[in-house]
Amino acid sequence: MHVLAEQPLLRMNTLALDGRARALLRLEHITGLEQALGWAADRQLPVVPLGEGSNIVVAGDVEALVLRLATSGIEVLEEDAEKVHLRVAAGENWHRLVEWTLRRGYFGLENLALIPGTVGAAPVQNIGAYGVELASFVRAVHSVELATGAGLSLSREACEFGYRDSVFKNRLRDKMIITSVELELSREPHLQFEYPALAAVLEGKQRARLSAIDVFDAVVAIRRSKLPDPARVPNAGSFFKNPVVDAQRAGALAGQFPGIPQYPQADGQVKLAAAWLIDCCGWKGKQRGGFGVHPEHALVLVNLGGGSGRELLDLAADIAASVATTFGVSLEIEPRIVGG
Ligand code: EPU
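For what it's worth, the working numbering labels the leading residue of the sequence shown as 25, then goes sequentially.
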């Protein structure tokens, strides 16, 4: 076991925020997990699991053992003419998994192409895009309790998935490390292309002739056109969740702000577009200190260089305050805040 002391996290988070980890361990084999948790317990250090750091805000130094999970492996557990059942190690890159499944003729994940991060991080916030959420494919999530090393496997129901939400953000928050995810995919494509931006790109193509690869390519093209590549412009994707309000509130907002996008949910509530609200308040393209609101997408905050995580959170607080003043709607930060 090779624990490194006092390590900079700058290259380990896609927002490229500076901060130091008291201790850092890269784990390539899950067999080393028990020893790593014991090492931290002996020193009374908390453990902070980290994947590719694509959904975190490093708000300062992290007084913990940061466990960079880099395990690999995709296993076919069962396969028949209709379905395939996979177990994927938490450290696998999400987008590479999507490509692998499509090459093998396993369908379902095509709308989730190009989402940064690891497979283990995906269930925490129930990654979703272009009308599809991870939750529909999860059979089980395997995890280990950080404090005790005890294994805990959760069925899809036990994961309590919601919009950008799961039990790992609530009751089990900061308590578990996800070690692998079981997915059930289809051997037959069931394409989903109703999401307006996706339907627009695929317009003119014959619906009956569309393949999962066409949907994958369209999603990749949309993401590349709207969302900055974290490798070039540091960011963590959407910085806020889309707020959900009750129908009465949504009706009042529609009366007051014609054209406000509204997405009715199955439970009668209405999801609003945080990007639209932020855009309306004039933030798009604005820069402050080392940070900016992306000129192509108002929901993405980018690191232009030199700023701290604290300054980024101050900017986010000001954006949320102006949305609250104008619309009476509160915005919730989406990425996980660590350190500080
Ligand atoms: N819009 C604006 N101004 C902008 C950008 C968008 O008014 O600068 C409007 C658009 O016109 C559209 C609406 O806002 O009517 C929604 O925009 P978009 O389709 O880009 O989706 P989003 O709600 O902003 C969500 C996810 C994304 C995901 C896309 C596609 C959240 C927090 N974000 O964004 O996920 O890729 O839908 O499904 O739910 C992420 O989580 O990091 C992420 C990128």
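No residue lacks a Cβ here, since even glycine has one placed at the ideal position from N, Cα and C.
Given residue i as reference, the closest of the options once Cα atoms are compared
{"i": "residue 120", "options": "155, 223, 67 and 140", "result": "140"}
{"i": "residue 201", "options": "288, 351, 130 and 166", "result": "166"}
{"i": "residue 172", "options": "70, 319 and 350", "result": "70"}
{"i": "residue 187", "options": "205, 147 and 212", "result": "147"}
{"i": "residue 259", "options": "41, 28, 56 and 294", "result": "41"}
{"i": "residue 150", "options": "123, 175, 113 and 192", "result": "192"}
{"i": "residue 89", "options": "152, 51 and 339", "result": "51"}
{"i": "residue 241", "options": "144, 49, 222 and 230", "result": "222"}
{"i": "residue 156", "options": "331, 185, 195 and 177", "result": "185"}
{"i": "residue 54", "options": "284, 46 and 73", "result": "73"}
{"i": "residue 91", "options": "84, 284 and 64", "result": "64"}
{"i": "residue 302", "options": "342, 331, 168 and 313", "result": "342"}
{"i": "residue 215", "options": "233, 49 and 207", "result": "233"}
{"i": "residue 252", "options": "128, 326 and 311", "result": "326"}
Boundaries (first-last residue) of the alpha helix (DSSP H) holding residue i
{"i": "residue 119", "result": "118 to 127"}
{"i": "residue 301", "result": "298 to 304"}
{"i": "residue 354", "result": "Run containing residue 354: none; DSSP gives neither H nor E here."}
{"i": "residue 278", "result": "271 to 280"}
{"i": "residue 225", "result": "220 to 226"}
Cβ neighbour criterion (16 or more within 10 Å) applied to residue i
{"i": "residue 321", "result": "buried"}
{"i": "residue 256", "result": "exposed"}
{"i": "residue 292", "result": "exposed"}
{"i": "residue 359", "result": "buried"}
{"i": "residue 339", "result": "buried"}
{"i": "residue 38", "result": "buried"}
{"i": "residue 143", "result": "buried"}
{"i": "residue 154", "result": "buried"}
{"i": "residue 132", "result": "buried"}
{"i": "residue 100", "result": "exposed"}
{"i": "residue 194", "result": "exposed"}
{"i": "residue 287", "result": "exposed"}
{"i": "residue 349", "result": "exposed"}
Residue i, enclosing beta strand (DSSP E) - first and last residue
{"i": "residue 203", "result": "200 to 210"}
{"i": "residue 361", "result": "360 to 362"}
{"i": "residue 250", "result": "No beta strand (DSSP E) holds residue 250; the alpha helix (DSSP H) holding it covers 236 to 250."}
{"i": "residue 386", "result": "With the chain covering only 25 through 364, there is no way to say anything about residue 386."}
{"i": "residue 64", "result": "Premise fails: residue 64 lies in the alpha helix (DSSP H), 57 to 66, not in any beta strand (DSSP E)."}
{"i": "residue 262", "result": "259 to 262"}
{"i": "residue 217", "result": "Premise fails: residue 217 is in no beta strand (DSSP E) and is neither H nor E."}
{"i": "residue 80", "result": "80 to 82"}
{"i": "residue 175", "result": "175 to 179"}
{"i": "residue 107", "result": "107 to 113"}
{"i": "residue 287", "result": "286 to 288"}
{"i": "residue 161", "result": "That residue, residue 161, is in no beta strand (DSSP E); it is neither H nor E in DSSP."}
{"i": "residue 327", "result": "324 to 327"}
{"i": "residue 86", "result": "86 to 93"}
{"i": "residue 51", "result": "44 to 51"}
{"i": "residue 32", "result": "28 to 32"}
{"i": "residue 72", "result": "71 to 74"}
Proximity test, residue i beta-carbon vs the ligand EPU heavy atom, cut-off 7 Å
{"i": "residue 224", "result": "no"}
{"i": "residue 145", "result": "no"}
{"i": "residue 266", "result": "yes"}
{"i": "residue 419", "result": "One cannot answer for residue 419 here, as it falls past the ends of the chain, which runs 25 to 364."}
{"i": "residue 346", "result": "no"}
{"i": "residue 130", "result": "no"}
{"i": "residue 141", "result": "no"}
{"i": "residue 283", "result": "no"}
{"i": "residue 303", "result": "yes"}
{"i": "residue 321", "result": "yes"}
{"i": "residue 118", "result": "no"}
{"i": "residue 75", "result": "no"}
{"i": "residue 215", "result": "no"}
{"i": "residue 331", "result": "no"}
{"i": "residue 300", "result": "yes"}
{"i": "residue 39", "result": "no"}
{"i": "residue 123", "result": "no"}
{"i": "residue 262", "result": "yes"}
{"i": "residue 136", "result": "no"}
{"i": "residue 251", "result": "yes"}
{"i": "residue 99", "result": "no"}
{"i": "residue 157", "result": "no"}
{"i": "residue 52", "result": "no"}
CB contact below 8 Å: residue i versus chain D
{"i": "residue 210", "result": "Given the protein chain composition of this structure (a single chain), no chain D is represented."}
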